[in-house]
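For the sequence shown, my numbering assigns the number 6 to the initial residue and increments by one for each residue that follows. Just so it is clear, CB atoms sit at the ideal spot from N, CA and C, and this is done for glycine as well. Please read these numbers as outputs of a predicted model, since none were measured by experiment. First up is the structure itself, then whatever we jot down about it.
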Amino acid sequence: MEQELISLLSLSQPQRAIFLSPFPRIDFPPLPHLTPETAEFAFAYHNNIFQWNIMRICGNSTISFCITKITKSLFNRSDHYQEILKIIMLSDKVLACYAIYLGIYIDNRMCDHLIDCDHANSFKVWVYGYQQSFGSLVCEQFVESLMQPLINSLYGLDLKNNKDIVDLINYYFKVLS
6 MEQELISLLS LSQPQRAIFL SPFPRIDFPP LPHLTPETAE FAFAYHNNIF QWNIMRICGN
66 STISFCITKI TKSLFNRSDH YQEILKIIML SDKVLACYAI YLGIYIDNRM CDHLIDCDHA
126 NSFKVWVYGY QQSFGSLVCE QFVESLMQPL INSLYGLDLK NNKDIVDLIN YYFKVLS
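The structure is reproduced here in structure tokens:
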């Protein structure tokens, strides 16, 4: 089932998207910090694929840690349920939509040796840069504030029903062709 979800959520990597959450946009930390330039320092010295991968892995680790913290609070749900929630939240489609929502796209003009930079990986690298700029605590609080509303909505669903999951994610992220 987990593999099905991964395939399902990876199918439609969006090129553009609009964030349609019923929740208000969360400006934490203050709005000026929510710019793609936060991560630019990382590319001043590291414009090769090896460093890119390190930053992507570190950013993914931070995002994963934040999601785990949120799902651990779902104490009346099984570990299996929490793991499936985590797979959904770490899917390329979801992370790419968050990147587009924040206006983050680190393209190969900033990373000379990178050919195919996608939105999901841009978000991971941006989280790494954000953490380096503002510290782990501020970064984690910000990432949690982004993830919490969607996790809260997914929490009420039967995760065996792929259609419900996709419908909910499409409700949050309207993908435009």
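For this session: Rounded to whole angstroms, what's the CA-CA distance from residue 135 to residue 156? Just pull it up for me.
Result: As a working note, residue 135 is residue 130 in the sequence shown. As a working note, residue 156 is residue 151 in the sequence shown. Each residue's alpha carbon lies about 22 Å from the other.
Exercise. Start and end of the alpha helix (DSSP H) containing residue 92?
Worked result: In the sequence shown, residue 92 corresponds to position 87, counting from 1. For residue 92, the enclosing alpha helix (DSSP H) stretches over residues 84-94.
Exercise. Can you tell which of 91, 71 and 106 has its C-alpha closest to the C-alpha of residue 170?
Worked result: Mapped onto the sequence shown, residue 170 falls at position 165. The candidate whose alpha carbon is nearest that of residue 170 is 91.
Problem set entry | 7 Å Cβ cutoff met for residue 109 and residue 138 | In the sequence shown, residue 109 corresponds to position 104, counting from 1. In the sequence shown, residue 138 corresponds to position 133, counting from 1. The answer is no: Cβ separation not under 7 Å.
For this session: Could you spell out the range, first to last residue, of the alpha helix (DSSP H) harbouring residue 109?
Result: Translated into the one-based positions of the sequence shown, residue 109 becomes position 104. Annotation for residue 109: no alpha helix (DSSP H) segment contains it, and DSSP assigns it neither H nor E.
Exercise. Looking only at C-alpha atoms, which of 104, 152, 61 and 164 sits nearest to residue 73?
Worked result: Mapped onto the sequence shown, residue 73 falls at position 68. Here the closest residue by C-alpha is 152.
Exercise. Just the Cα atoms here: how many angstroms apart are residue 174 and residue 99?
Worked result: Mapped onto the sequence shown, residue 174 falls at position 169. Mapped onto the sequence shown, residue 99 falls at position 94. Using only the alpha carbons, I get a separation of about 8 Å.
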